[in-house]
Every structure is written in C-alpha cells, then in structure tokens.
Amino acid sequence: MLKNVFHERRRSLAVKGLGVLDTPAEPSFDRFVNEAAAAFDAPIALLSLIHSDEQWVKARHGLTLSCIPRDSGFCGHAIDHEGALECCDPQSDPRFGTLAVVTGDPFIRYYIGAPLRLLNGIDVGALCVVDTVRRPPASPDQRAYLLGLARQAAMVLEARADLHRAGVAA
C-alpha cells in the first residue's frame with residue numbers, strides 16, 4: 143500500500159513537472175495522435191496524462207474530451223504496464239465493462255494504449271487508439287509502432303519541460 147502511495151506521488155510530481163496540465167493543444171503532440179489513429183485506421187486517438195485522480199487529455203483525435211476521472215477511462219490501466227495494453231472486447235472485460243464510455247457514448251469497443259514512460263522510468267500517461275467497433279488484436283507492427291510513438295511523445299514531453307524550466311517558450 144505504502145509503495146503504491148509513494149509511486150502515485152512520484153507520478154503526480156512528474157506530471158506537474160512537465161508543465162503541460164491545462165495548457166492548450168500543441169501541434170507537436172497533435173502529430174502523435176493523428177499518426178496513431180492513421181496507423182490503426184481508427185476514429186479516435188488520445189495522448190493522456192494521469193495526474194492524481196484525473197486523466198487529462200493533452201492531444202486528441204476524434205473526441206473533444208479534455209479531462210475525465212481516472213477511474214472512468216482506460217489509460218489509467220495502461221500506465222505501469224509492460225508494452226501496450228490491448229482490449230478487443232471491453233464489454234466483456236471486468237475492468238472496463240461498466241465504464242460509462244463503454245456502456246454509453248462513444249461506446250468504446252476496442253482500446254490499445256502504450257505508456258508514456260519518462261527517462262527516469264515513471265509512466266505519466268498513455269498514447270492510445272480507440273474504436274467504436276470490435277476489432278481483432280493489433281498486428282505486431284502496429285503494436286511496435288504505437289510503442290515507438292509513445293516513446294517519442296514522452297521524449298517531446300520531457301524536452302518541452304526542459305525548455306519550460308529554462309524559461310524558453312515551448
């Protein structure tokens with residue numbers, strides 16, 4: 143229990159340190175969600191940060207969502223997961239079947255998310271692809287591509303934070 147509290151505190155501090163919470167959309171992050179959606183031919187992709195009890199969306203493709211409770215989304219499960227977390231049938235998955243985004247609009251029927259892991263090993267969020275129709279598991283190439291995009295996005299988050307700390311406009 144104490145380990146989890148400490149881990150979540152480190153995550154929250156890392157997310158705050160990135161300086162991106164409650165900031166407007168930025169093309170450097172929009173690129174990642176657009177590329178992820180295109181790679182999966184999916185209608186929705188998100189770059190989310192997990193901060194405390196919230197899932198805050200920094201970049202989006204196909205949804206206008208900006209922030210939801212952490213326990214109302216999928217990305218809180220994708221963090222601290224080795225590799226990508228994929229769910230091809232959220233309705234029958236006990237972790238996700240009762241979520242409002244599954245039982246109601248947008249009626250999510252597929253999810254794959256890759257953790258946004260900083261160089262210090264802390265996962266601060268996830269880059270995910272979502273569909274409103276069931277689909278088969280991602281190909282190994284799609285999975286590898288999403289993981290690569292997530293690594294790049296984490297690097298951009300850290301570079302942006304370095305510029306922010308140095309007083310340079312990001």
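According to this note's numbering, the residues represented by the sequence shown are 143 to 312, in order.
By construction, the Cβ of each residue, glycine as well, lies at the ideal position given by its N, Cα and C atoms.
Give the DSSP bridge partners of residue i, in chain order.
i       : result
Glu-196 : His-193 and Pro-211
Leu-227 : Gly-255
Leu-188 : Arg-202 and Cys-270
I'd like the span of the beta strand (DSSP E) that includes residue i, first residue to last.
i       : result
Gly-267 : 265–273
Residue i to residue j, Cα distance in whole Å?
i       : j       : result
Glu-177 : His-203 : 10 Å
Ala-256 : Gly-290 : 9 Å
Ser-208 : Leu-191 : 11 Å
Phe-238 : Glu-228 : 12 Å
Cys-217 : Asn-146 : 17 Å
Ala-268 : Ala-308 : 26 Å
Val-157 : Ser-234 : 32 Å
Would you kindly report the start and end of the unbroken alpha helix (DSSP H) that includes residue i?
i       : result
Pro-282 : 282–307
Asp-172 : 169–182
Thr-245 : 242–245
Gly-218 : 217–220
Could you tell me how far apart the beta carbons of residue i and residue j are, in whole angstroms, since I believe they sit closer than 8 Å?
i       : j       : result
Ala-292 : Leu-260 : About 11 Å; that fails the 8 Å criterion.
Asp-231 : Arg-276 : 6 Å
Val-243 : Ile-250 : 5 Å
Ser-214 : Leu-241 : 6 Å
### Query
Counting Cβ pairs, one atom from each stretch, are 3 or more of them under 8 Å apart for the region 144–160 and the region 253–268?
yes
#### Entry: Three CB pairs or more closer than 8 Å across the region 273–293 and the region 171–185
yes
### Task
Take every Cβ of the region 219–229, pair it with every Cβ of the region 293–302, and state whether three or more of those distances are shorter than 8 Å.
no
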